[in-house]
Amino acid sequence: MLGCCGLCRSNDKDFDFFYFVQQWPGAYCDANKHHCCYPKSGKPAADFGIHGLWPNYEDGSYPSNCDTDNSFDESEIQDLEGKLIREWPSLSCPSSDGLKFWSHEWNKHGTCSESFLNQRGYFQAALNLKEKTNLLQTLRDAGIEPNDEFYNLEDVKQAIQEGTGYEPWIECNQDEEGNSQLYQVYMCVDTSGKNLIQCPVRPRGNCASKIQFPSF
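Residue numbers (the numbering used here): 8 to 223.
So, in structure tokens, the structure goes:
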């Protein structure tokens, strides 16, 4: 799984906004055929999965690992685990139950949001944002399907902007044939973790003008 963009500032708890990042599993597995493993619960649904909720600064850098005394505690999210397994699955190898992935995300990123969100609140905020953005349905409403077809990058962006009210940033990767694929969608969120906002800064683009939406 990729980390967040920009330069890291360790142990700095102040931040300006979140990147909320969702990942398309078909693109992850196409680009990592030998490093893609389904969770122990089985193949995830053909839907965007949460990658993370990452505090960032408006200059493009970000805080990380802000509180080593508040490491991941599974007991804090036990009532959310069913939803996390479905909505925030790990595709890395070896196959896992997701705890290592969620632990990494909390320890690296979530601890930097503690002034606004405790551990349970952090994971609940991400689940709420996934439901609010509803990316797959938003794209399907615009006739953009995960069917291995190629779509104009600007059409993908426009569909998400019309569906959510805010412009996304699209990250692409490449499959074994070198095709540019829809991989991750970044939306920006205020420091409460509740409200989408216009992005103050965006990572560098890496998509072709036409991108594939691979099946899964």
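Glycine included, C-beta positions come from ideal geometry on N, C-alpha and C.
Determine, for residue i, whether the minimum Cβ-Cβ distance to residues of chain B falls below 8 Å.
i      : result
Arg-93 : Here there is only one protein chain, and chain B is not present.
Distance check for residue j and residue i, CA to CA, integer angstroms please.
i       : j       : result
Gly-33  : Gln-126 : 29 Å
Ser-122 : Leu-91  : 23 Å
Gly-56  : Asn-141 : 11 Å
Lys-201 : Leu-124 : 11 Å
Asn-180 : Ser-187 : 6 Å
Could you check whether residue j and residue i sit closer than 8 Å to each other, using their CB atoms as the reference points?
i       : j       : result
Asp-197 : Gly-170 : no
Pro-231 : Asp-37  : Missing from the structure shown is residue 231; the chain here goes from 8 to 223 and no further.
Gly-105 : Pro-46  : yes
Glu-94  : Leu-134 : yes
Going by DSSP, what residues sit across from residue i in a beta bridge?
i       : result
Gln-205 : In DSSP, Gln-205 forms no bridge with anything.
Leu-189 : Cys-179
On the three-state DSSP scale, how would you describe residue i?
i       : result
Ile-57  : strand
Glu-88  : helix
Asn-114 : helix
Pro-62  : strand
Asn-135 : helix
Pro-32  : helix
For residue i, collect the residues of the same chain with a Cβ closer than 6 Å to its Cβ; drop the 5 residues on either side in sequence, then sort them by chain order.
i       : result
Asp-23  : Tyr-64 and Glu-65
Asp-155 : Pro-221 and Ser-222
Phe-27  : Leu-60, Leu-136, Met-194 and Val-196
Looking only at its own chain, which residues have a Cβ that is under 7 Å from the Cβ of residue i, when we skip the five neighbours before and after it?
i       : result
Pro-101 : Cys-44
Gln-131 : Leu-87
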